[in-house]
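Sequential numbering from 1 applies to the sequence shown in the numbering used here. Even glycine gets a Cβ: it sits at the ideal position worked out from N, Cα and C. Below is one structure, written out as structure tokens; the observations come after it.
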Amino acid sequence: MMNGLTPELALALTLLLPGIGAVLIGAADRFSVLRDAISLLAATALSTMVLALLLNHLAGGSAQIQLTPLVQGLPIFLLTEPIGLVFATLASVLWVVITVYSIGYMRKNDEPRQTRFYICFAIAMACTMGVAFAGNLITLFLFYELLTLSTYPLVVHYETDAARHAGRVYLGVLLSTSILFLLPAIIWTWSLTGTLDFVKGGMLTGKIEGPQAALLFALYLFGTGKAALMPFHRWLPAAMAAPTPVSAFLHAVAVVKAGVFTLLKVGVYIFGTSFLSAMNVGEWMMWVSAFSLIAATIVALRKDDLKLRLAYSTIAQLAYVTLGVSLASVMGMVGGIVQLVAHAFGKITLFMCAGAIYLASGKTKISDMRGLGRVMPFTFGAFLLASLSIIGVPPTGGAWSKWFLMIGAAESGHLVMIGVWILASLLSIAYLIPLAARGFFLPLTGQEDRPQPQGQEVSLIGKPGLQEAPLWCVAPACLTAALSVLIYFAGPAIAGFVLPALRP
Numbered sequence: 001m002m003n004g005l006t007p008e009l010a011l012a013l014t015l016l017l018p019g020i021g022a023v024l025i026g027a028a029d030r031f032s033v034l035r036d037a038i039s040l041l042a043a044t045a046l047s048t049m050v051l052a053l054l055l056n057h058l059a060g061g062s063a064q065i066q067l068t069p070l071v072q073g074l075p076i077f078l079l080t081e082p083i084g085l086v087f088a089t090l091a092s093v094l095w096v097v098i099t100v101y102s103i104g105y106m107r108k109n110d111e112p113r114q115t116r117f118y119i120c121f122a123i124a125m126a127c128t129m130g131v132a133f134a135g136n137l138i139t140l141f142l143f144y145e146l147l148t149l150s151t152y153p154l155v156v157h158y159e160t161d162a163a164r165h166a167g168r169v170y171l172g173v174l175l176s177t178s179i180l181f182l183l184p185a186i187i188w189t190w191s192l193t194g195t196l197d198f199v200k201g202g203m204l205t206g207k208i209e210g211p212q213a214a215l216l217f218a219l220y221l222f223g224t225g226k227a228a229l230m231p232f233h234r235w236l237p238a239a240m241a242a243p244t245p246v247s248a249f250l251h252a253v254a255v256v257k258a259g260v261f262t263l264l265k266v267g268v269y270i271f272g273t274s275f276l277s278a279m280n281v282g283e284w285m286m287w288v289s290a291f292s293l294i295a296a297t298i299v300a301l302r303k304d305d306l307k308l309r310l311a312y313s314t315i316a317q318l319a320y321v322t323l324g325v326s327l328a329s330v331m332g333m334v335g336g337i338v339q340l341v342a343h344a345f346g347k348i349t350l351f352m353c354a355g356a357i358y359l360a361s362g363k364t365k366i367s368d369m370r371g372l373g374r375v376m377p378f379t380f381g382a383f384l385l386a387s388l389s390i391i392g393v394p395p396t397g398g399a400w401s402k403w404f405l406m407i408g409a410a411e412s413g414h415l416v417m418i419g420v421w422i423l424a425s426l427l428s429i430a431y432l433i434p435l436a437a438r439g440f441f442l443p444l445t446g447q448e449d450r451p452q453p454q455g456q457e458v459s460l461i462g463k464p465g466l467q468e469a470p471l472w473c474v475a476p477a478c479l480t481a482a483l484s485v486l487i488y489f490a491g492p493a494i495a496g497f498v499l500p501a502l503r504p
């Protein structure tokens, strides 16, 4: 670690820095430039702390903090371990990117309540770090619920009737699934084992079996509403009433990623792959996840609103992770973790591109976006690269996640799931690629595509002049699109990093 910075202090600062940032952002309310600078500085400082913890882990170190227990025997407990470090690194780095993007978007669109917006971002990031570094279920549950509450003001940002309705759906689904399913699952686990600490290889062997084990697993899967498994997915498209930076934050940085991360932690450290496989616990949940994957993909095909199409795409892509957990194989879990990373870079790019298109053209409907790629080549080029990653085309990060998931399906004997993933990928091509094709190869809306006299033809590829969104919005999207490709080369390294935590 750095001079004077112990691993324990760095771990504590991952929660404190965003909190301090939120206070300073509020204090700088009347000074917009200072407020935005503090937001960016807080994001950069957090990513620095998380990277320090990652390097410490790679050097063989570890860190943990135990705070005053909520109830006797159940302390607030933070620790570093491979899966949490992957999530924390991903979220903290993308917070820097989405902060840069937000500054450009919020200023260009002259959005209201910008100070509250940045304060809630910072608080939500502190909660995300709490989820990532939780050392037991009670700590994870606490920060998981605080994340829901801290992001509610972001969902209702516009304070219109539509925004308030979206907020009610958001809170209603996420809080009800937590209270009705997740909390009982945690209490049941405590009654079986006498502990809520995460244990390598799981801790339920010999404690529960048969239909009861399957029921407990189902409570965790449906109780983690942020993973948007059907039928508890309605909050995700409803939340699209928020500004585009919020959509990107919810989908790629914090909320939905906290959901599937929770399922991965439960699958690895509560049940364990050996127990899931021996008890055949995830068999029926595998089919529920497969249905969610295909159904959400089909719905996405029918949506003309770009943000809604991307929202249902996220529901489908999250189902890849729940499928990976349900396969009850080590490689299935690896595929789920790599999917967590690849989807984050791909989806944040797609949403930032959607926002850039809106800022530059005012268009939100895909049917209105013909020809825009000619005047917005950087935005549409970034959208195309990110789409290829979501689909799983090499050389993009999404190719590795699908590959590992297919190996996991073969390992567990569920070869039919390979067919499900192939079908889903083909459908993904159908709802993502046409947008880029319309943008680049069709004339701009309102332009007539008439035959020209010989020798006077006008190339349909000609550019009438760039009309891109502000640089602060376009550059982050281009960066994350490039990272979607670079992740391809890091896929095996990510797998190797998490494998020791997955094997009993």
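Asked                                                                                                                 : Found
Cβ-based burial, I187 [other Cβ within 10 Å; buried from 16]                                                          : exposed
Start-to-end residues for the beta strand (DSSP E) that takes in Q114                                                 : That residue, Q114, is in no beta strand (DSSP E); its alpha helix (DSSP H) goes Q114 to A132.
Neighbourhood of A533 by C-beta, 7 Å cutoff - its chain only, sequence neighbours within 5 removed                    : Absent from the model: residue 533. The displayed extent of the chain is 1 to 504, so no value can be given.
Proximal residues to R234 (C-beta, below 7 Å), its chain only, five neighbours per side dropped                       : V169 and V173
Option in L51, L17, H57 and V50 with minimal Cα separation from I38                                                   : L17
Which of helix, strand or coil DSSP assigns to N136                                                                   : strand
G398 versus R503: straight-line alpha-carbon distance, rounded                                                        : 23 Å
Validate contact between the region 66-75 and the region 21-29 using beta carbons, cut 8 Å, 3 pairs                   : no
Cα-Cα separation, A493 to I487                                                                                        : 10 Å
Beta-carbon proximity list for G408, same chain, < 8 Å, skipping 5 on both sides                                      : G324, L327, S329, V330, M331, G332, M333, V334 and G335
Rounded distance between the beta-carbons of Q212 and A360, thought under 8 Å                                         : Actually they are not in contact, since the Cβ atoms of A360 and Q212 sit about 55 Å apart, beyond 8 Å.
Which listed residue (G282, P434 and P395) has its alpha carbon closest to that of G371                               : P434
For Q317: DSSP bridge partner residues                                                                                : Answer is none; Q317 lacks a bridge partner.
DSSP bridge partner residues for K365 (one or two, in chain order)                                                    : D305
Residue nearest to T305 in terms of C-alpha spacing, selected from A88, A342, P153 and M240                           : Note that residue 305 is Asp in the sequence shown, not Thr. The shortest Cα separation from D305 among A88, A342, P153 and M240 belongs to M240.
Minimum C-alpha distance to G210 - residue among A227, S277, V485 and A248                                            : S277
Endpoints, the beta strand (DSSP E) within which F181 is located                                                      : Here F181 belongs to no beta strand (DSSP E), and DSSP marks it neither H nor E.
Environment of H165 [buried if 16+ CB atoms lie within 10 Å]                                                          : exposed
Through-space distance from L432 to E448, alpha-carbon basis                                                          : Unreliable positioning characterises E448 in this predicted model, as indicated by a pLDDT of 46, which lies under 50. The coordinate reading is nonetheless provided below. Their Cα atoms are separated by approximately 25 Å.
Presumed contact (8 Å Cβ cut-off) between T364 and K307, rounded CB distance                                          : 7 Å
Spatial distance of A424 from L293 (CA atoms)                                                                         : 7 Å
Sequence-distant residues of its chain with Cβ nearer than 6 Å to G282 (five each side left out)                      : L276, S326 and A328
Boundaries of the beta strand (DSSP E) in which F489 is found, first to last residue                                  : Not the beta strand (DSSP E): F489 falls in the alpha helix (DSSP H), residues L471 to L502.
C-alpha gap between V299 and Y320, whole angstroms                                                                    : 16 Å
Three-state secondary structure assigned by DSSP to I429                                                              : helix
Neighbourhood of L146 by C-beta distance below 6 Å, restricted to the same chain and skipping five residues each side : C127
Inter-stretch contact at 8 Å, needing at least 3 Cβ pairs: the region 86-97 / the region 59-68                        : no
As assigned by DSSP and simplified to three states, the class of D161                                                 : helix
Runs of alpha helix (DSSP H) wholly within the region 25-50 (minimum 4 residues, chain order)                         : none
Rounded straight-line distance, which links the Cα of A254 to that of L79                                             : 19 Å
L250 versus V256 - alpha carbon distance                                                                              : 6 Å
Proximity to R438 [Cα-Cα], best of T349, C478, F380 and F143                                                          : F380
Exposed unless 16 or more other CB atoms sit within 10 angstroms - verdict on L13                                     : buried
Segment limits, beta strand (DSSP E) that includes F77                                                                : F77 to L79
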